[in-house]
Structure formats: structure tokens, C-alpha cells
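The sequence shown maps to residues 191 to 656 in our numbering. All C-beta atoms in this analysis are idealised placements derived from N, C-alpha and C, irrespective of residue type, glycine included. Note that the structure is a prediction, hence the values are computed from the model and not measured.
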Amino acid sequence: MDLSVDWNFFCAQFAIAMAHYCIELGEDSSGPLTMRLRLRRPGQVLMALSALAVLSILICRSEDEVPTNEKETRSLCQNLSICPLAKDVQSVYDLQRITDEWKTNPLYRDLYTKFHAIYRLNVVTSNISVRYPFLNKVKSWLPGLSEDKIQQQPIISILNKYTFEHSIINLIRSKRPGVAPSSDADQYVTNLVRDSAQDCDFCQYATRTAENSFGRVESQFAVTAANVFPFDGYHGVIILKEHHPLHFSLEEFLDTMEVTRLWMRKGHAENPLFRYPHLTWDCLPKGSTSQIHSHAQATLNSVSHYGQMEHLKAAALRYTSDFPGEEYLDVLKKIHKHLGLSVCLGDAQALALLTPKKDHDLFVTAPRPSKDFYMLLHSILRAYIDDMKIYAWSMAMFYPILDPSGNWGEGPIIARLISRGPATIMRSDISALELFAASNVNTDPFVLIKNLKKSLEAAGINTECR
């Protein structure tokens with residue numbers, strides 16, 4: 191029997207995965223099916239192998255017997271979670287290769303089409319002539335890099351054709367003078383927190399902060415104030431009672447998110463026209479905060495969400511217009527999942543975006559505000575701080591519209607997080623390129639997601655997206 195190359199590959203993957211799955215299938219008091227290794231029952235293993243043989247015969251047929259409906263085959267493969275999900279991708283520089291492989295594999299042609307419907311990917315190589323004696327100085331900035339790699343640097347350009355987010359990635363740029371992290375960041379933060387606590391307005395919030403017209407919302411770990419320099423009709427400051435901006439537990443974080451919800455609900459109750467909620471949170475002076483004390487900014491708008499969220503909504507509508515029956519966010523999550531660029535916790539999913547705005551960009555979403563969403567968000571922030579040593583960061587959250595009763599209406603909740611560069615370096619991380627052209631990104635989304643998964647799994651969190 192002559193088998194096509196693609197189907198041989200698929201059958202091999204299927205057989206390996208099914209054998210692994212069936213041999214581990216067992217029974218115990220917790221339920222009829224549990225993923226526990228049980229080799230004590232030869233009969234059970236024999237049944238598993240027999241089933242595997244039958245399935246292999248049914249699927250691995252000659253090319254003229256291959257199902258004409260490839261979607262059914264892809265659905266079977268993806269539902270069983272046995273497709274090769276680009277696990278050999280180590281870097282953003284592998285992206286061109288893996289998408290080319292999707293094009294030639296019938297199981298992934300639909301994914302290839304979706305990828306190129308959203309993204310324009312371009313890879314170029316610089317052509318620089320660096321001569322002595324200046325080459326010696328460049329080598330001191332880039333130790334271990336050969337002359338060829340210095341003079342021919344690969345540059346990835348990725349454009350989202352619907353949001354028009356455009357990222358230019360050259361990982362070597364992270365080594366340029368003036369941007370390398372400092373080894374004394376921990377001591378810097380310790381000194382900053384100690385000195386700022388001596389005369390902190392937020393530590394004395396009762397007498398040294400303003401209130402919103404409806405008063406304050408206060409809990410065990412957080413309290414609200416009004417921003418004296420507001421940028422919307424309802425603008426509150428969500429103050430954590432812990433002064434240190436990097437010290438917040440899951441309990442404190444969940445409590446702060448509940449205080450935020452109650453603040454939004456109170457503002458909406460006072461004036462129902464204000465029904466578009468937002469939260470922004472910056473950390474440390476490098477993150478553009480004016481107070482060291484841990485706090486976030488909550489606002490309500492009466493007309494719409496802010497422009498960038500409305501831009502995302504418009505992009506999603508345009509995508510559905512171009513591809514009826516498909517949802518933009520669903521396709522975005524699917525692409526990132528199959529590239530291994532996402533982690534999940536319950537109904538919440540975080541994506542290391544292919545078009546990051548800045549370094550360590552993570553896009554976190556859930557169908558609506560939920561404990562899963564906030565737990566995943568907290569876990570990401572702890573991974574930032576505790577494992578990746580990212581102390582200066584910025585985050586924005588867009589909530590669903592508030593309905594007349596003050597509950598969440600239709601629409602997902604979305605958060606976006608980025609790092610702002612080494613906390614000790616006051617040089618701005620934003621240049622004319624980011625302001626007027628495209629995002630300069632110096633970190634690899636594939637390395638970011640690898641580090642994030644490692645952190646979350648060490649904390650006992652199963653990050654697999656099903």
C-alpha cells in the first residue's frame with residue numbers, strides 16, 4: 191500500500207500518542223478513567239494495543255482513501271491533543287520555518303491560512319561593515335558573537351493586519367549600551383521603598399488623600415481615593431495598604447480587584463452614563479508612577495472604552511466581516527496556542543503576543559471577569575517579579591460594559607502587561623520609533639512563554655490550554 195508522506199507522518203504521530211495514552215489509562219476509586227500508570231493488568235494493555243491497531247488501520251489509508259473533508263481530520267487530531275504543536279520552536283527566528291511547514295502539512299493548512307490572514311511576517315538580514323579599531327569596541331558590547339553575526343543580524347518584522355500593531359524584533363539590540371540590567375536592582379528598590387515610606391501620602395490615606403463624590407471603598411487590604419489630577423469624569427486611585435510595590439499576595443491581590451469592582455459599581459450607580467470601566471497600574475518610577483506606594487488607577491468613561499480598546503473591537507468586527515462565522519479573539523488564541531505561545535488557567539488564557547508593544551508583552555483574557563482570570567494575572571505578576579526580576583512594569587485592564595444593575599455586561603475582560611526596562615536605568619524605554627512608527631522589541635516571545643510556564647508550573651499551576 192502506497193502511503194503519502196503527509197499521512198505517514200500523521201500516522202506515526204497518532205500511533206505514538208495513542209500508545210502513550212492507552213498504556214497510562216487506568217481505573218481507581220476516583221473515577222472510571224484516570225491518567226495513572228498501570229502496567230499490572232496485561233489484559234488492559236492488550237485491549238489498548240488492539241484498539242490502537244484498529245484506529246491506525248482506519249486512519250492510515252492510501253492517499254485515494256484520505257477523507258475529503260480535512261476539517262474533520264484536523265478536528266480529531268486537535269481534540270485528542272496529539273498534533274505536533276511546534277514544540278521544536280525555540281525562538282522567534284523559527285517562526286518563518288514553522289509557518290512554512292504548516293503550509294505543506296494538510297493538518298495545518300487552515301492554521302497557515304489563518305496566520306497569514308492576520309499577520310504579515312518579514313525576515314531581513316542587516317548588512318553592516320564594522321572595521322577595526324571600532325570592531326573591538328563592538329565586540330566588547332557583544333561578547334561571544336562572531337564578526338559575521340555582528341555584521342549580519344537577523345531582523346523580524348511582524349505586522350498585525352487588523353490591529354496594525356507592528357513589532358520589529360532584533361534580539362541583539364538588548365545588548366546595546368545603556369539598556370543592560372544593573373546587578374544592584376534589589377538594593378535600589380529596597381532603598382527606594384525605605385526612603386519613600388517616611389513621608390508617604392498613601393500610607394496616611396485617611397488625611398492625605400481626596401475622596402470621590404460617593405466616598406471611599408475600603409477592605410482589609412485596599413482602599414480607594416480620588417485622583418486630584420483626574421483624566422476622566424470618575425477617576426479613583428486603588429491603594430494597597432502594603433507600602434512595598436512588589437509585595438502583594440494572592441489574597442491581597444484578589445481583595446484589591448474586589449475593591450476595584452465595588453468602586454466601579456458605586457460610580458456607575460451615582461451616574462449610570464459612566465459605564466465603561468478601565469484599570470491601569472504602573473510600578474516604580476521607571477514604570478512612570480509618581481508614587482512608590484503600590485497603587486492603581488481606576489476610571490469610568492461615559493462614551494466608550496478608551497481608544498486602543500475600541501481599536502481592538504473594530505479590528506475584531508472587520509475580521510468577522512472578512513471571515514463570517516469566525517471570531518478574531520478565538521483565532522488569535524488558536525494561533526498562539528499552536529505555536530506554544532499561551533498558558534491557561536481555567537477559563538483564562540495568557541498569550542505572549544507575536545506583535546508585542548514592548549518587552550515581555552502578555553495579553554491576558556477571559557470571557558468575563560473571574561477568579562481564574564485574576565489568579566492567572568497575579569501568577570504572571572509574581573513570575574515577573576520573583577523569577578524574571580522585572581520590577582518596573584505597566585499594566586492596563588479593560589472590563590466589560592456595566593449593565594443598568596451595575597453587573598458586567600457582554601464582552602471579555604482583557605489585560606495587557608509589559609516590562610519597562612531595568613528599574614535602575616532612568617533612560618526612557620520609549621523613542622520616536624515607538625511613538626510614531628513601530629514597536630522596538632528586544633525580548634523573544636518564545637523565551638518569555640517558556641520562562642512563564644516554568645514559573646507557573648513551579649507554583650503548582652497546570653498551564654496547558656485545552
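Near residue i, which residues of its chain fall below 8 angstroms by C-beta distance, leaving aside the five closest residues on each side in sequence?
i	result
C390	H433, Q481, I482, H483
K524	L301, K304
K351	A307, I308, Y309, R310
D385	none
N641	A573, D577, M578
A506	Y352, E517, Y518, L519
G457	N402, F404, Y424, G426, F464, L490
Our contact map puts residue i next to residue j with C-beta atoms below 8 angstroms; I'd like the distance itself, whole angstroms only.
i	j	result
G599	D562	About 19 angstroms; that fails the 8 angstroms criterion.
L592	P467	6 angstroms
V554	I639	Rounded, the Cβ-Cβ distance is 13 angstroms, inconsistent with contact.
Q280	F636	6 angstroms
S569	L646	6 angstroms
M565	L440	7 angstroms
N312	S347	4 angstroms
D549	I608	7 angstroms
By the three-class DSSP mapping on this structure, what secondary structure does residue i have?
i	result
I318	coil
N326	helix
I570	helix
A459	helix
Y485	Sequence check: residue 485 is His here, not Tyr. In this structure, H485 counts as strand in the three-state DSSP scheme.
Y283	helix
S629	strand
L529	coil
T555	strand
H306	helix
L335	coil
S609	strand
L440	helix
N402	strand
I591	coil
Y378	helix
H425	strand
I615	coil
I575	helix
K293	helix
Q342	coil
Which residues share a DSSP beta bridge with residue i?
i	result
E408	V413
D472	S584
N312	S347
L430	A412
C534	Q539
P467	L490
S364	In the DSSP output, where bridge partners are listed per residue, S364 has none listed.
S357	I348, S629
I603	A556
W453	DSSP output for W453 lists no bridge partner at all.
W598	L592
Excluding sequence positions up to five away, which residues of its chain have a Cβ less than 6 angstroms from the Cβ of residue i?
i	result
E355	T545
S478	D472
Can you list, in chain order, the residues of its chain whose CB lies under 7 angstroms from that of residue i, leaving out five sequence neighbours each side?
i	result
N360	Q343, I345
R231	At R231 the pLDDT is 46, less than 50, meaning the model places this residue with poor confidence; the figure from the coordinates comes in the next sentence. Closer than 7 angstroms at Cβ, skipping near neighbours: no residue.
N259	Because N259 sits at a pLDDT of 46, beneath the cut-off of 50, its placement in the model cannot be relied upon, and the point is left open.
E460	S403, F404
E442	F411, L430, E432
So, does the region 576 to 589 touch the region 468 to 477, judging by three or more C-beta pairs under 8 angstroms? yes
Would you call the region 629 to 637 and the region 362 to 369 touching, i.e. three or more CB-CB distances under 8 angstroms? yes
Three or more C-beta pairs below 8 angstroms linking the region 505 to 519 and the region 540 to 550: no
Do the region 326 to 338 and the region 600 to 619 meet, that is, are 3 or more Cβ pairs less than 8 angstroms apart? no
Counting beta carbon pairs with one atom in the region 420 to 431 and one in the region 483 to 495, are three or more of them shorter than 8 angstroms? yes
Please confirm if the region 402 to 418 is in contact with the region 441 to 451, defined as three or more CB-CB distances below 8 angstroms between the two stretches. yes
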